[in-house]
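Residue numbers (our numbering), protein chains in the order written: chain Y, 25 to 137; chain U, 25 to 137; chain V, 25 to 137; chain B, 1213 to 1671; chain F, 1213 to 1671; chain W, 1213 to 1671.
Quick reminder that beta carbons are idealized off the backbone N, C-alpha and C, glycines included.
This structure is a prediction, so every number in the text was calculated from the model and none was measured.
Worksheet for the structure shown next.
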Amino acid sequence: MKLITAYIQPEKLNDVKQELYKAEIHKMSVTNALGCGQQKGYHESYRGVDMEVNLLKKLRIEIAVNEEFVKKTIDAIVAGARTGNIGDGKIFVTSLDECYRIRTGETGKDAIG
Amino acid sequence: MKLITAYIQPEKLNDVKQELYKAEIHKMSVTNALGCGQQKGYHESYRGVDMEVNLLKKLRIEIAVNEEFVKKTIDAIVAGARTGNIGDGKIFVTSLDECYRIRTGETGKDAIG
Amino acid sequence: MKLITAYIQPEKLNDVKQELYKAEIHKMSVTNALGCGQQKGYHESYRGVDMEVNLLKKLRIEIAVNEEFVKKTIDAIVAGARTGNIGDGKIFVTSLDECYRIRTGETGKDAIG
Amino acid sequence: MLGLLTVAFPVAGWCGDEAAAAVDTVAAAATEEAAPTPLEAAKTELQNNINIVFTCVAAFLVFFMQAGFAAVEAGFTRAKNACNIIMKNVMDFSIGTIAWWVIGFAIMFGAGNSYFGGGSHIAASDYADGSSLNWTFWIFQCVFAGTAATIVSGAMAGRTKFTSYLAYSAVICGFIYPISGHWSWGGLFSAGEGFSAGWLWDAGFLDFAGSTVVHSCGGWLALAGAITLGPRIGKYGPNGESKAIPGHNIPLASLGVFILWFGWFGFNPGSQTAGVVEIGYIAMTTNLAAAAGAIGAMIMAWIKFGKPDTSMTLNGVLAGLVAITAGCNCVSPTGAVIIGFAAGILVVLAVEFIDKVLKIDDPVGAVSVHGVCGAFGTLALCFFQNAPAEDYSAMSQLMVQLQGAGTMFIWAFGCGMILFNLIKYTIGLRCSRDEEIRGLDIGEHGNEAYAGFQIFISQ
Amino acid sequence: MLGLLTVAFPVAGWCGDEAAAAVDTVAAAATEEAAPTPLEAAKTELQNNINIVFTCVAAFLVFFMQAGFAAVEAGFTRAKNACNIIMKNVMDFSIGTIAWWVIGFAIMFGAGNSYFGGGSHIAASDYADGSSLNWTFWIFQCVFAGTAATIVSGAMAGRTKFTSYLAYSAVICGFIYPISGHWSWGGLFSAGEGFSAGWLWDAGFLDFAGSTVVHSCGGWLALAGAITLGPRIGKYGPNGESKAIPGHNIPLASLGVFILWFGWFGFNPGSQTAGVVEIGYIAMTTNLAAAAGAIGAMIMAWIKFGKPDTSMTLNGVLAGLVAITAGCNCVSPTGAVIIGFAAGILVVLAVEFIDKVLKIDDPVGAVSVHGVCGAFGTLALCFFQNAPAEDYSAMSQLMVQLQGAGTMFIWAFGCGMILFNLIKYTIGLRCSRDEEIRGLDIGEHGNEAYAGFQIFISQ
Amino acid sequence: MLGLLTVAFPVAGWCGDEAAAAVDTVAAAATEEAAPTPLEAAKTELQNNINIVFTCVAAFLVFFMQAGFAAVEAGFTRAKNACNIIMKNVMDFSIGTIAWWVIGFAIMFGAGNSYFGGGSHIAASDYADGSSLNWTFWIFQCVFAGTAATIVSGAMAGRTKFTSYLAYSAVICGFIYPISGHWSWGGLFSAGEGFSAGWLWDAGFLDFAGSTVVHSCGGWLALAGAITLGPRIGKYGPNGESKAIPGHNIPLASLGVFILWFGWFGFNPGSQTAGVVEIGYIAMTTNLAAAAGAIGAMIMAWIKFGKPDTSMTLNGVLAGLVAITAGCNCVSPTGAVIIGFAAGILVVLAVEFIDKVLKIDDPVGAVSVHGVCGAFGTLALCFFQNAPAEDYSAMSQLMVQLQGAGTMFIWAFGCGMILFNLIKYTIGLRCSRDEEIRGLDIGEHGNEAYAGFQIFISQ
Ligand SMILES: Nc1ncnc2c1ncn2[C@@H]1O[C@H](COP(=O)(O)OP(=O)(O)O)[C@@H](O)[C@H]1O
Ligand SMILES: Nc1ncnc2c1ncn2[C@@H]1O[C@H](COP(=O)(O)OP(=O)(O)O)[C@@H](O)[C@H]1O
Ligand SMILES: Nc1ncnc2c1ncn2[C@@H]1O[C@H](COP(=O)(O)OP(=O)(O)O)[C@@H](O)[C@H]1O
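What follows is the structure, encoded as structure tokens:
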């Protein structure tokens, strides 16, 4: 089992969700995040004082999947989130040792879906 | 060492906290999240236009523990969060390679508690 | 590749960012979090009813790095975040199996930077 | 005509017995009135226009208090119920206005006996020639009725079914408030034969701008509502200990309190319904009491809880305002300060008592502010008369005031218990558990108050 | 002089033909006027001061509606555009005030013929001796012009270039509004020779406080703006289906609606520009219509969408207020309730129709509230006259009203299409795609409305 | 009596020498006064009631400015200090009201010499027969004192100990403001023998509604406070470079600015303390200056920072209003536009200068808006007189104005430095570092302003 964590542009969430649905991945968790990377920030100013904003608004998506779904999931995220512009985001994959469904007590592969 | 990540219903936080205290687990971090899974969303409408809300409010709890605490922790979360209804949430367990306490520089098992 | 997750005091973000820049680590993602640990909470009261607040405001930083950067990153975070007071925070390190850059499709070491 | 006016509205009525005499005088004035000289006629006409201008503006200010109530109540409760609170505030005034127009005004000021009006003025149909103040009086009284109605929503916040709340609104503005209002204020407006002052007015009951008539009425109804509903989920722990459920937007609530303070300058001076020298005096006592109320509540909260609590201090302002309302025209400036200060202290104690001892969940403190401080102010005015008549006796006035305040408690609380229980066992008073947990905004309205904002909801 | 005053401002003008007669009477009055007796002179002077006081206060209330518009529009749109909406509301009034001072007032009330003023009063230079109401009239009309201007910003929210919006503001307050305003209201202010009432006034067109003159004017301009701009990104799906883009702060919007309701008590009764008995009547009809509008919209939304929608109910209040504006002085109380209720229903249907059928993106419903309900109210008053003249014919009045409302549609919508397209093809009307996605606050102003708050922006 | 009234309050005093003459005239009028005819008596009485109505309403509007200040200051600072700012605004007015009642009013308007009053009217005890305006005058002046007091809180936001702030509030309303106020305005209210106009009034100093007396007073006190406190943690970087600490709620701040603009229609026209034709004129100049101020600040910010900054534009509105306050009754419309526009430009420069050059941390710009623009407006009025007397000399008036504005700077800044340093070295002026970092809401009040909202606090 893998845990897939992706940072994407906020306005791409709907597209990503749709691609995931197409790939029959229906479960995920989303968090608000701020990111900095290659994407240039922008300047705000407040009362005449300049501020460089380099923590940009991003969304963090977390999806736990069984091995056979890893590629499908990553492809779906890329399909939904890619614009080709700097700032499109990253996908991180880590190993998931165990997974429990709180409601039923199921574990492992059964619990993920 | 393991990193335990749980998604629970927001209103269950206090119960989970209490169960964790009973199990003598006093450390955790909590984030706001939105989740979708088997739980059905609901409909909002705004000015006559229907919107299906399928990202539901959840809380994400992260707890780093030593091996001997893993089961206790998971049991405590389940005890606090289970209602038996769809949407109770998931628990994910990953391996933690290392842990540092910023204040003291301690590492590993000592740093976790 | 490692995924470094740190919880720090919110007001230390700028210092941590600066130390990371000095160490030439320019990428990270930040989330709002609440934490409880050894640090004592404080009391709020509302309309005469006391509330103990033991989930304190923290920031969660996530940085994916190649092995050779792990120590530098941790040192930088510690340098920026340590005050010596309880509540300075924790750093967790997990293994990263894979990393993708959405924009280009690059993977692994190339994708991280 | 000016005679009629200045008598029928207790201009500078420092003391009680004038009130009792008023209705007779009106009758007398009607017969005495000889042909006025051109100067007198002109003066009457102009003064009447001055009165209309001031009373109209005051009515607008009182209307604006609706915004204040909405903001205070929304700010002091949770984000997930904010749309619902707002809808309640918009709708209680809207439905209340219509109920007032159809029947409420008729019951309060129409022809009738000293217990009940209703013999004329239904739907404002035969109203036009009633008085020189005319329609201005109607709108001024309409916004007063709306104030009584809106007080309740705060105490019932976060768990009431919306349809039930709508039903309640119509009944209070159409019946409960105007009936008891007639007893104290029915004599303010007389169109001659067939009209009668209320029995409390006749008894010499003093309540210039409505500490009892408006605020206690709303406050005791709120008490009945909060009791019938029961507390919000999570408000009391397993051992009955009170838990804090903090309000989500204190800046909004404070804006609401400032709006209410502002509106009270219409409520109290406007109750003079005349543009005369007394309105400045009333504005002064009103302001002194509000300021003293804030100070009293802040100090009391500081002593009891260790820190100067914001929401208690804001309640203190309102407590001072409610308490001075009955006597704003007749107490001395020093009296106003004392009444306000005491009300500020009282509201802190009352909130604690109701919350921790009675274990009644009143999210915004409506019962303490409007019920308790309203009754307190009604009684307190006896001891701080600015210029009492020679034969004035504080104790005998106190008896009358006790009678008035007590009657209101029995009437409003009683009606409230009957009404809310009726609703409870017919259409149902409380929303479902799930709806309450998710928030009434989504459950009742399918809306969200702060779309996009990340809000931590663990309660 | 008092004669002039009470005639020139249609005091209690229940019906239409008085209006037509007014200008002649003014002329007549000017010649007839013999030396007034000292009593008459004193009375005139005092009544004039009463009028000034009331009209000034009313002007202040109407000014305060700017705050209401800003809050409603900000609350009903997304957080990322909140600074921009606010800047638009501040600047349209500011630029509008200056444009009004330089040329607008002159065009609307200056010397001229029945189609166009402008022959005097530029920059208030030669204005001082114009009328007994004098400067009070100027400020009252200034805030009216500001109201017409600010209506548009809501319909164009979230995608308009800021500079273009500034340009638009100057044109509407300097030209579009005063020209059409002159047709209906030019005759309100006459300094004698060389001045002329407008042709719609002469035709007997009734629009007491501006359902058509102010609100429809703004509403149809808003329609032109929304059409020319096109919808916000993401408002319509690939198949043209409408998507909801929820407002970010409903409590703020509701505060705005209460402020507008409050301000309307300046707008409608203030249009009497006199402190007389009628202002109370107008306040009553205004309040009844607003309440009925809320009820109508709530019921309609409940029926159509299954739940009582908050933002629609708030729109219902405004719909009732806009609709009663034209006839607030002349319809019966029952008429006011009916007009308000119908407007509440109408606004829900109009919002749906414009959004789902015409597919025009009007984020706050400005076209439905001000355009549609303004026109509706202008026509509806024909059928609910409180005390019509003997020879009054609703149908013939309806023809006149149709002429007035229709003319306004052609004028305002036409001017709007020309103006906005001119801007579109010169300085550009719409901001860039990137700017729109990130939000106008950062793009246009480099500011953030809620610094520090975590806001989920997936739209 | 009417004579007394119209002289004692500078009705239409376009120019300075009338003021100097006023006190003598009052004395003269008192002796001359023969028995008035019935008509004269009636006219005096009615006009007096008109004045009371208008002045009361104006006082209510000025009171409402407290809500505006609270909203502006809360919105322009960080969320973690919002409860604290609100408590300061509620309490400075509350404590200020009581201090004003006890001693402030007596010092400013009681019997005394031209430097100091205080010989009567303590706690409003012997006040009743003072003047025909009576209590209305008291409440109007009370809310003015509250305005001066509340200005300071914004400049000291985010780091001041709450108890210290309470102490300060009592001193300013009880002593600092009334003493200097007596110099310019003591002559507004004379009860005959033993009363004396202030020396600045005698010198012909013109400050109709308080650019200097109220706003500069507050502004220079704010300067002293901000200097004594030092900047907020994180406001200046290691090399002294200024950092932005963005306000957390710009929509709230903008609502505050609209409320202030609205309230200023009480502040300026109300200073006429009479319901006469001039109030419309004053409303017009006030509005023109506010609008021009917004435009001036927006343009200047656009030029200097590349984009039209929202908070600067909002400050521009206030700058225009503060600047016109001194001369609102005597400058020409064009003059009002110029003064407002210049103040808008000036405020942007002043904010930058104070922030970046002087390195004084004034979170909301109170010093620039009230201090700098108040002084500017006081001087500027010399050059834009609408109808100057034949022998009027702008330069000699300027000398008087410089004397008045300069005196106020020395007085208010001096008193402020003494007072704040006294507090600093006794009870302490600044809260602890930890408290400041966590936010004063939790530290001082144990409250949270936005419970549940996720707020990113890295500053
Ligand atoms: N090494 C990293 N660790 C954590 N988050 C990262 C890392 N690299 C990128 N991110 C996240 O991905 C977002 C996009 O990255 P960026 O470098 O701006 O664009 P791109 O990936 O297209 O080159 C960042 O804002 C950040 O949130
Ligand atoms: N595979 C997954 N990856 C990430 N988050 C998940 C996954 N499955 C469930 N979740 C989280 O757990 C929550 C509850 O899951 P859901 O399927 O609705 O209920 P249940 O687990 O009771 O069947 C979801 O809202 C989501 O936040
Ligand atoms: N075992 C853990 N699991 C998850 N989060 C932790 C853990 N220990 C600490 N944290 C996070 O680190 C923060 C600081 O920890 P705390 O124990 O208060 O101080 P310190 O680490 O200085 O002893 C906590 O508020 C929490 O967010």
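When you measure from the CB of L44 (chain U) to every non-hydrogen atom of ligand 2, does any distance come out below 7 Å? no
Ends of the beta strand (DSSP E) at L1607 (chain B)? This sequence places Met at residue 1607 (chain B); Leu is not what is there. Per DSSP, M1607 (chain B) belongs to no beta strand (DSSP E); it is in the alpha helix (DSSP H), A1606 to M1620.
Are the C-beta of T55 (chain V) and some C-beta of chain U separated by less than 8 Å? yes
Simplified DSSP assignment, three categories, for T128 (chain Y): The three-state reading of DSSP puts T128 (chain Y) in coil, since its state is none of H, G, I, E or B.
Compare the C-beta of P1250 (chain F) with all C-beta atoms of chain W and state if any pair is closer than 8 Å. Yes, its Cβ sits closer than 8 Å to a Cβ of chain W.
May I have all residues whose beta carbon comes closer than 6 Å to any heavy atom of ligand 2, sorted in chain order? Y:K51, Y:M52, Y:S53, Y:E86, Y:I87, Y:A88, Y:R125, Y:R127, Y:I136, U:Y31, U:G59, U:C60, U:G61, U:Q62, U:Q63, U:L80, U:K82, U:I110, U:G111, U:D112, U:G113 and U:K114
Just curious, the beta strand (DSSP E) that E76 (chain Y) is in, first and last residue? According to the DSSP assignment, E76 (chain Y) belongs to the beta strand (DSSP E) that extends over V73 to V77.
Extent of the continuous alpha helix (DSSP H) run through A57 (chain U): For A57 (chain U), there is no enclosing alpha helix (DSSP H); the enclosing beta strand (DSSP E) covers residues M52 to C60.
Can you tell me which of W:D1603, W:V1383 and W:F1356 puts its alpha carbon nearest to the alpha carbon of L1634 (chain W)? W:V1383
At what residues does the beta strand (DSSP E) containing Y31 (chain V) begin and finish? Y31 (chain V): member of the beta strand (DSSP E) spanning K26 to I32, first to last residue.
Which residues in chain Y have a C-beta closer than 9 Å to the C-beta of N1659 (chain F)? List them in chain order. E68, S69 and Y70
Confirm the yes/no value for this check: CB of A47 (chain V), any heavy atom of ligand 1, distance under 7 Å. no
From F1401 (chain W) to F1321 (chain W), what does the alpha carbon distance come to, in whole angstroms? 6 Å
Would you check if the region 1289-1303 of chain B and the region 1345-1352 of chain B touch, i.e. whether three or more CB-CB distances between them fall below 8 Å? no
Starting from the C-beta of A1311 (chain B), find all residues in its chain whose C-beta is less than 6 Å away, skip the five residues before and the five after it, and write them out in chain order. A1382, C1385 and G1386
With a threshold of 8 Å on Cβ separation, who are the neighbours of A1240 (chain W) within its own chain once the five nearest residues in sequence on each side are excluded? The predicted model places A1240 (chain W) with a pLDDT of 44, which falls under 50 and marks its position as unreliable; any figure quoted below should be read in that light. Contacts found: none.
Buried/exposed call for Q1666 (chain F), threshold 16 Cβ in 10 Å: buried
Ends of the beta strand (DSSP E) at H67 (chain Y)? Y66 to Y70
Short Cβ contact (8 Å threshold) for A1361 (chain W) with V1579 (chain W): Cβ atoms of A1361 (chain W) and V1579 (chain W): not closer than 8 Å.
Is there a Cβ of chain U sitting closer than 8 Å to that of A105 (chain Y), yes or no? no
From F:G1655, F:I1264, F:K1568 and F:L1533, residue whose alpha carbon lies closest to that of V1426 (chain F): F:L1533
Please classify I1457 (chain F): is it buried, with 16 or more other beta-carbons within 10 angstroms of its beta-carbon, or exposed? By the neighbour-count criterion, in which a residue is buried when 16 or more other Cβ atoms sit within 10 angstroms of its Cβ, I1457 (chain F) is buried.
Are T1537 (chain W) and G1589 (chain W) closer than 8 Å when you measure CB to CB? Yes, they are a contact pair.
Is it true that the CB of N1261 (chain W) sits closer than 8 Å to the CB of I1494 (chain B)? no
How about T1522 (chain W): is its C-beta nearer than 8 Å to some C-beta of chain F? yes
Minimum C-alpha distance to G1330 (chain W) - residue among W:L1433, W:A1271, W:W1395 and W:G1468: W:W1395
Under 7 Å by beta carbon: chain Y residues contacting L79 (chain U): V54
So that I know if they touch, is there some Cβ in chain W lying closer than 8 Å to that of V102 (chain Y)? no
Roughly how far, in whole angstroms, is the beta-carbon of N1293 (chain W) from the beta-carbon of G1358 (chain W), given that I think they are within contact range, below 8 Å? Taking C-beta atoms under 8 Å as the contact rule, N1293 (chain W) and G1358 (chain W) fail to qualify, at a distance of about 21 Å.
From the beta carbon of V117 (chain Y), is the nearest beta carbon of chain V less than 8 Å away? yes
Three-way DSSP call (helix, strand, coil) for D1236 (chain F) in this model: Caution applies to D1236 (chain F), whose pLDDT of 41 falls short of 50 and renders its modelled position unreliable; the value that the coordinates give is listed next. Correct three-state label for D1236 (chain F): helix.
Starting from A88 (chain Y), follow the beta strand (DSSP E) in both directions and report where the run begins and ends. L80 to V89
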